[in-house]
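Undergrad: First the structure, then my questions, so here it is.
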Amino acid sequence: MFKYLRLRPEPDRRDPLANIPITQLVGDASLPVTLKALNSLPENPKLRLYRTLLPLQVLAAFDINPRTWQNPEKQIQVRLQADEGSEKVKISAWFGQNPENEFFYLELADNPYGGIDLNFLIASDPHSPKFNTDFDEQGRETLFGTVHRNRAEEERAMHAGLAPGQTRAGLRCSQIIFTHVETFLTLLAHHALTLEPMTYASAWIFERRGFAYARGHQLMDIIHREFQPGGALHKALDGSSPFRQPEQWQTVRGRAWAIHDGILETIERKWDNLKMIKQVGRQAGVNTCPNTLF
Amino acid sequence: MSQRFQITRAAELESLQMFRDFIAECCAHHNIPNEIVFELKLAVDEACTNIIQHGYKGMDPGSIVLAFRIEPDRILVQITDFGHAFEPASAPAPDLNAALEDRELGGLGLFLIYQTMDNIDYQASQDGNTLTFTKYYRP
């Protein structure tokens, strides 16, 4: 066991390059470029770079031209938000006339340590039934069920095979999306992408996409163990709510709904403060739910 | 011809046995001498114990990624974590001449790794902390 060695607390990792202007980076391709620096570029070069974030296959599935972002009727179907001075980029794509009908939404942001966070990723099938889990019965936004809940809609969504936080079935293209995001990170000379998984189900997906845990690996192991027969979470699937049915321990989705319903209180834990990290080009190979179906 | 192996587990003491078993299994396929396997297990054990006890201190423990590359005359080991960084150069050298009752607990981990492994390197960044070492051997 080492002693006295852990001397540098995490906050000191703030990267001195975080505010470096884009002009200083032209000469050295190995220096990581922040989104803020990228956002300082003129519109056209910025557009050329950010275009790489949208998977061609996804655009092709909706007849969207990857170069012009228009559909065959020449209507714009993609919106890029990457304002000068901002540390974020948001890209959304929609199907049909209504920009609110997004099937793709990606938000990346600079973090205080000189890295890049994935804040949001939504890739949903616009042709699948919509569940109003995003608004409660009073019409308030649920923010993915974190501040309010629409239990009736959640129950319908659960029975339709959705995971917590989803309003429609997924596009099943996260592998392609992450390949594009990693390519984009490489272009910017970044080595990793970090995120906070919103649900147990999304953590499971990110594990399969090569992410490891900066925080919460032990919690995931505990959850898996306690959902096994005889475990505290297995016992808490007592049928007391539609989201706590006995058979739910067998699937990642079933467990995710029970966790969304607050079952972790049974073991005095919360779904909170998990952080995952994907090192570019590296698969961590984490599997905290072995022999469990999605 | 080299072969790469990797295992990722939570940073908790229960994982140490899995890392030891993993090393033994990888080495068994390549007829690595027993004394080399023992030293590798010792070095990995010490490094991972440090990560568990200090690296993720005050945090909900994250992952430890243990990667091996076995080549005909050497084994390269890479241990990655995402906890607090450490500064090997600033670690005080253990006083091996002090009487046992005067020594503090711990403090031998890095010393043991330096004694048993070759080409030790440590890199800390916002993308993770990576300890790399090599062990040369005669097949």
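Here the protein sequences come in this chain order: A and B. Per this note's numbering, the first sequence runs over residues 16 to 309. Per this note's numbering, the second sequence runs over residues 13 to 151. The beta-carbon is built from N, C-alpha and C at its ideal position, and this holds for glycine as well.
(1) Quick check: the Cα distance between Leu56(A) and Leu46(A), rounded to an integer number of angstroms?
(2) Can you list, in chain order, the residues of its chain with a C-beta nearer than 6 Å to that of Ala97(B)? Leave out the 5 residues immediately preceding and following it.
(3) Is the region 120-139 of chain A touching the region 191-210 of chain A, taking contact as three or more C-beta pairs under 8 Å?
(4) To the nearest whole angstrom, what separates the beta carbons of Ser143(A) and Ala184(A), a pair I think is in contact under 8 Å?
(5) Could you confirm whether any beta carbon from chain B is found closer than 8 Å to the beta carbon of Asp151(A)?
(6) Applying a beta-carbon distance threshold of less than 7 Å, which residues of chain B neighbour Gln339(A)?
(7) Is Phe193(A) closer than 8 Å to Val301(A) when the C-beta atoms are compared?
(8) Exposed or buried, which one is Arg182(A) when buried takes at least 16 other CB atoms within 10 Å?
(9) Spatial neighbours of Ser101(A) within its chain, please: C-beta separation below 8 Å, excluding the five flanking residues on both sides.
(10) Please work out which residues of its chain come closer than 8 Å, Cβ to Cβ, to Val295(A), disregarding the five sequence neighbours upstream and downstream, and give them in chain order.
(11) Report the rounded CA-to-CA distance for Asp43(A) versus Leu203(A), giving the unit in angstroms.
(12) Quick check: the Cα distance between Asn22(B) and Glu262(A), rounded to an integer number of angstroms?
(13) Do we get a CB-CB distance below 8 Å when we pair Leu20(A) with the residues of chain B?
(14) Any C-beta of chain A within less than 8 Å: which residues of the region 69-82 of chain B qualify?
(15) Can you list, in chain order, the residues of its chain with a C-beta nearer than 8 Å to that of Pro24(A)? Leave out the 5 residues immediately preceding and following it.
(16) Kindly say whether Pro31(A), judged by its beta-carbon, lies nearer than 8 Å to any beta-carbon of chain B.
(17) Please list the partners that Asn288(A) has in chain B, where partner means a Cβ-to-Cβ separation under 9 Å.
TA: Quick answer:
(1) Note on geometry: alpha-carbon atoms of Leu56(A) and Leu46(A) lie some 17 Å from one another.
(2) For Ala97(B), where only same-chain residues beyond five positions count, the Cβ hits under 6 Å are Ala136 and Asn141.
(3) A contact exists between the region 120-139 of chain A and the region 191-210 of chain A.
(4) The pair is a contact, with the Cβ atoms about 4 Å apart (cut-off 8 Å).
(5) No - not a single Cβ of chain B is within 8 Å of the one on Asp151(A).
(6) Outside the displayed range of chain A (16 to 309) lies residue 339(A), so it cannot be described from this structure.
(7) No.
(8) Going by the sequence as given, residue 182(A) is Thr instead of Arg. Burial state of Thr182(A) is buried, judged by a 10 Å Cβ sphere holding 16 or more other Cβ atoms.
(9) For Ser101(A), where only same-chain residues beyond five positions count, the Cβ hits under 8 Å are Leu50, Lys51 and Asn54.
(10) Hits under 8 Å: Glu197, Leu200, Thr201, His205, His206, Ala207 and Leu208.
(11) Taking the straight line from one Cα to the other gives about 11 Å.
(12) Just to set this straight, residue 22(B) is Ala in the shown sequence, not Asn. Whole-angstrom Cα-Cα distance: 27 Å.
(13) In this predicted model, Leu20(A) has a pLDDT of only 41, less than 50, meaning its place in the structure is not dependable; the value taken from the coordinates is given anyway. Yes, because at least one Cβ of chain B sits closer than 8 Å to the Cβ of Leu20(A).
(14) Cβ contacts with chain A: Lys69, Met71, Asp72, Pro73, Gly74, Ser75 and Val77.
(15) Low confidence applies here, because Pro24(A) scores a pLDDT of 44, under 50, leaving its location unreliable and the question unanswered by this model.
(16) Here the model assigns Pro31(A) a pLDDT of 47, short of 50, so the residue's position is not dependable, and the following value carries that caveat. No - not a single Cβ of chain B is within 8 Å of the one on Pro31(A).
(17) Those are Met71 and Asp72, listed as they occur along chain B.
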